[in-house]
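Under the numbering used here, the first residue of the sequence shown carries the number 3, and numbering increases by one thereafter.
Note that the Cβ used here is the ideal one computed from N, Cα and C, for glycine as well.
Read the structure below first, then the notes.
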Amino acid sequence: MNIFKKINNFFNKLNVIAFIILMTIITYILNILLASIFLKITNVSPSASYGTIEMSITGLIFPLIISPWTETILFQSFIFYIFSNIKKFNYPIVKLLISTLCFGLFHAIYNPYYAISAFAVGIIFAYSYLLYEKKNSSPIKVTALIHAGNNAIAIFLPIIITKL
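Here's what the structure looks like:
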């Protein structure tokens with residue numbers, strides 16, 4: 003059995019809570035690795051051009067609730083639905099790549115690093131959607147919760163670390 007099948011079997015056997023937590027952690031670690039590489043190559047911190055998130059209820063609603071749900075519906079659910087109805091594109095890998103590419107390009111409005119980072123975590127989001135769609139088990143909810151978890155860590159972990 004090849005490594006991808008073993009990894010897929012591992013994720014497929016996890017209960018939904020463990021899957022969401024593990025994928026959230028993986029997306030955050032992936033972001034840290036990409037940020038480190040970006041910093042090494044460009045000597046510019048990726049977070050320098052993000053701007054600041056307003057620490058208010060309104061400022062938190064978008065990255066923690068609205069964006070994860072709307073982006074999951076748009077970049078996974080809608081794209082997978084459209085390409086499932088086009089015979090020559092109805093392959094999981096094709097849908098995953100198109101979804102991921104669209105997700106990354108959408109985030110290019112912030113900066114090039116953000117587009118690359120979004121492309122990378124978009125692979126995880128699209129894979130999660132595919133896995134739970136195949137299980138017929140709330141793929142939108144699972145993917146949006148992973149996305150929201152990643153955003154929550156990105157917002158709150160730096161605050162917690164600076165308070166220590």
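Starting from the Cα of residue i, find the closest Cα among the options and give me that residue.
i, options, result
"residue 101", "128, 70 and 27", "128"
"residue 125", "143, 149, 68 and 63", "149"
"residue 79", "89, 17 and 94", "94"
"residue 41", "114, 6, 162 and 147", "114"
Which same chain residues end up closer than 6 Å to residue i when comparing Cβ atoms and leaving out the 5 residues on each side of it in sequence?
i, result
"residue 116", "109"
"residue 77", "101, 104 and 105"
Exposed or buried, what is residue i when buried is set at 16 or more other beta-carbons lying within 10 Å of its beta-carbon?
i, result
"residue 123", "buried"
"residue 106", "buried"
"residue 97", "buried"
"residue 20", "exposed"
Taking the CB atoms as reference points, tell me whether residue i and residue j lie closer together than 8 Å.
i, j, result
"residue 118", "residue 36", "yes"
"residue 66", "residue 156", "no"
"residue 82", "residue 30", "no"
"residue 145", "residue 74", "yes"
Using the three-state DSSP reduction, which class does residue i fall into: helix, strand or coil?
i, result
"residue 165", "helix"
"residue 42", "helix"
"residue 47", "coil"
"residue 137", "coil"
Can you list, in chain order, the residues of its chain with a C-beta nearer than 7 Å to that of residue i? Leave out the 5 residues immediately preceding and following it.
i, result
"residue 140", "134"
"residue 151", "22 and 26"
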